[in-house]
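Accompanying notes for the structure given below.
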Amino acid sequence: MRVVVLGCGWSGVLAAFRLKTRYPSADVVCLDRDLSGGLLRSVTVNGHIFDVGGSHVVFSRDRSVLEGILSLGGRWAAKERRAFVLLDGAYVPYPFENGIYVLPPERRARYGLSLLKAVVENSKGGKRPSNFKEWIVNTFGEEVANDYLIPYNVKIWKRPLEELSADWVYTPGRLPLPSLEDIVKAVAGIETKGYREQAVFYYPEGGIITQYLSALRKAEEAGVIPVREEVREIKKTGDGFLINGRLKADRIVSTLPLREVPAMLDPPPPEEVFKASGRLDYNSVAVVGVGVRAKAPDQHWVYVPDRRFIFHRYAWISNYLPVPPADRASLIAEITIPPGSEVDREELIKRTLEGFVELGLFKAEEVEAAEAWIHKYGYPVYTLTHAEDREAVESHLRQIGITTVGRWGNWHYWNTDMIYKKINELI
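When we follow the numbering used here, the leftmost residue of the sequence shown carries the number 2, and every step to the right adds one.
Encoded structure:
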């Protein structure tokens with residue numbers, strides 16, 4: 002039996018390794034155009050390490066998942082999270098509902114009342130929110146929603162929040178949720194730790210690409226065959242599949258973007274499957290990396306809801322390393338881009354640098370490196386028809402014998418730990 006995994010990023014490598022482990026006698030091929038790691042990629046520019054797919058760390062509420070990822074190889078550093086929400090000049094420890102203890106009493110009371118009202122109202126039960134904005138207001142209250150979560154999420158999704166589904170927030174471990182006890186302590190000015198499964202995270206020596214390369218090496222050692230080739234055509238044959246007119250497969254596992262696969266099929270799928278795949282929405286992501294001759298503050302990543310700044314989040318990647326440099330720092334900013342938007346790479350770099358300088362992160366003359374990387378697929382967007390559209394495409398692929406897995410294979414906003422967990426469940 003030959004199994005071909007389409008796409009050999011994080012999801013593909015894990016799927017191939019899992020298949021080879023479960024079926025040692027099978028030929029398992031992992032097909033990818035460049036084997037570069039996808040969003041789990043790091044590069045070095047003028048001595049500064051940048052994770053060019055954005056800020057990624059490893060954590061999980063499931064200890065077996067966490068240990069499984071770490072066991073794939075590499076040297077890992079455990080870090081105590083230092084993340085913040087930058088609101089009106091104040092660095093509020095993340096998650097926000099726990100971090101308000103640093104604010105003046107009147108603001109603690111204002112946000113605490115917002116959160117408490119929401120918790121009390123939610124305790125009464127009721128129907129599931131009809132859209133993402135409704136979920137935010139229902140869960141965190143008007144004050145927290147209007148000052149922080151609505152402007153922040155508009156920056157990420159670049160869509161009216163009323164037009165987005167709240168389905169993704171119910172993924173276990175995806176978002177921190179307010180705790181009544183923690184809110185009361187925060188209002189009283191007492192420090193608490195929220196989102197506890199992420200309070201300590203892990204990061205590999207050498208940049209996030211080490212996480213991918215370790216898994217790829219493990220898969221190759223098990224007998225997985227990686228092949229550099231772009232997938233152009235998937236032809237259904239009587240006894241299996243023919244990929245690109247030459248590579249036979251008895252079974253296919255696809256991690257390719259779900260919206261692109263129907264156009265590769267021969268014979269083509271029904272028209273409604275094409276229409277459903279075309280409605281699967283997404284944002285591209287631009288990652289701007291900046292290297293400076295300066296010491297980084299004691300921070301890992303910062304959320305920025307302020308609309309004046311082009312980026313929604315920035316991260317001091319050099320602080321993720323086991324031993325951060327003493328006098329140099331590397332940071333990245335993340336900027337989402339809706340499909341069809343014009344992208345000026347130099348303008349993105351310019352506006353990011355201006356924003357960083359305005360925030361006082363460093364002086365312009367301290368910059369040693371500045372680069373930008375743009376990825377077509379950055380974030381799946383949960384439209385109101387997301388669930389039905391995704392199921393329509395996945396259902397057709399299942400019918401013809403193709404299993405889909407991964408963030409883009411399943412069109413879900415999953416972290417690397419959830420991908421690991423789902424692949425172990427599916428395969």
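Note that CB positions come from ideal geometry on N, CA and C, so glycine has one too.
On a predicted model such as this, the values are computed, not experimentally measured, just so you know.
Close-in-space but distant-in-sequence residues of the same chain around residue i (CB under 6 Å, 5 per side omitted)
i    : result
V6   : G13, A16, A17, C31, V254
V58  : F202, Y204
P323 : A78, E206
H49  : G292, S331, A370
R109 : I101, V188
F275 : P263
Where the alpha helix (DSSP H) through residue i begins and ends
i    : result
H49  : Segment 49 to 52 is the beta strand (DSSP E) holding H49; no alpha helix (DSSP H) there.
P106 : 106 to 123
A220 : 210 to 223
E335 : From DSSP, E335 is part of no alpha helix (DSSP H) but of the beta strand (DSSP E) over 330 to 338.
G102 : Note that residue 102 corresponds to Tyr in the displayed sequence, not to Gly. From DSSP, Y102 is part of no alpha helix (DSSP H); its letter is neither H nor E.
K156 : 151 to 158
E143 : 133 to 145
Per DSSP, cross-strand counterpart(s) of residue i
i    : result
N284 : Y380
R252 : V4
T404 : V254
A91  : L88
T238 : G241
D168 : D168 pairs with nothing; no bridge assigned.
A79  : Y203
G290 : I333, E372
Y304 : V86, R314
T28  : Checking the displayed sequence, the identity of residue 28 turns out to be Asp instead of Thr. Answer is R3, bridged to D28.
V66  : Beta-bridge pairing links V66 to no other residue.
V59  : Y203
DSSP state of residue i mapped onto helix, strand, coil
i    : result
V188 : helix
E367 : helix
Y204 : strand
D33  : strand
G356 : helix
F275 : helix
Y315 : strand
P263 : helix
F85  : strand
R229 : strand
D418 : helix
T22  : helix
L324 : Reading off the sequence shown, one finds Val at residue 324, where the question assumed Leu. Reduced to three states, the DSSP call for V324 is coil.
W11  : helix
N411 : coil
L427 : helix
A1   : In the structure as shown, the chain starts at 2 and stops at 428, and residue 1 therefore has no counterpart that could be examined.
L349 : helix
V394 : helix
E163 : helix
R197 : helix
L71  : helix
R309 : coil
E343 : coil
Same chain, Cβ closer than 7 Å to residue i, neighbours up to 5 away in sequence not counted
i    : result
Q199 : F60, R82
A316 : S56, H301, W302, L332, I333
P438 : Outside the shown range of the chain (2 to 428) lies residue 438, about which nothing can therefore be said.
V170 : W136, L176
H376 : L40, G54, S285, V286
T386 : R280
S115 : F141, G142, E143, E144, V145
R357 : In the sequence on display, residue 357 carries Phe and not Arg. Answer for F357: V291, F363, listed in chain order.
Cut-off 8 Å between Cβ atoms - residues of its own chain near residue i, not counting five sequence neighbours on either side
i    : result
S221 : Checking the sequence, you will find Glu at residue 221 rather than Ser. P227.
A388 : S166, D168
A84  : P94, Y95, Q300, H301, W302, V303, Y304
N162 : Residue 162 is actually Leu in this sequence, not Asn. Answer for L162: N132, F133, K134, I137, I151, N154, V155, listed in chain order.
G113 : I101, I184, V185, A187, V188
K103 : Per the sequence shown, the amino acid found at residue 103 is Val instead of Lys. A91, Y92, V93, P94.
R408 : S12, P381, Y414, W415, I420
Chain C within 8 Å of residue i, Cβ atoms only
i    : result
L385 : Considering every chain present, this structure includes no chain C. It has just one protein chain.
Limits of the unbroken beta strand (DSSP E) element including residue i
i   : result
S43 : 43 to 46
Exercise. Does the segment 362 to 371 touch the segment 341 to 349, meaning 3 or more C-beta pairs lie closer than 8 Å?
Worked result: No, the segment 341 to 349 does not touch the segment 362 to 371.
Exercise. How do the segment 378 to 386 and the segment 277 to 289 stand: do at least 3 beta-carbon pairs fall below 8 Å, yes or no?
Worked result: Touching, yes, given that three or more Cβ pairs across the two stretches are closer than 8 Å.
For this session: Kindly confirm or deny that the segment 245 to 264 and the segment 393 to 403 touch, where touching means at least three C-beta pairs closer than 8 Å.
Result: Result yes; three or more Cβ-Cβ pairs closer than 8 Å.
Exercise. Three or more C-beta pairs closer than 8 Å, one from the segment 67 to 85 and one from the segment 230 to 238: is that the case here?
Worked result: As far as the Cβ criterion goes, the segment 67 to 85 does not touch the segment 230 to 238, which means the pair count is below three.
Exercise. If we count Cβ pairs, one from each stretch, closer than 8 Å, do we get three or more for the segment 141 to 152 versus the segment 87 to 102?
Worked result: Enough Cβ pairs lie closer than 8 Å, so yes.
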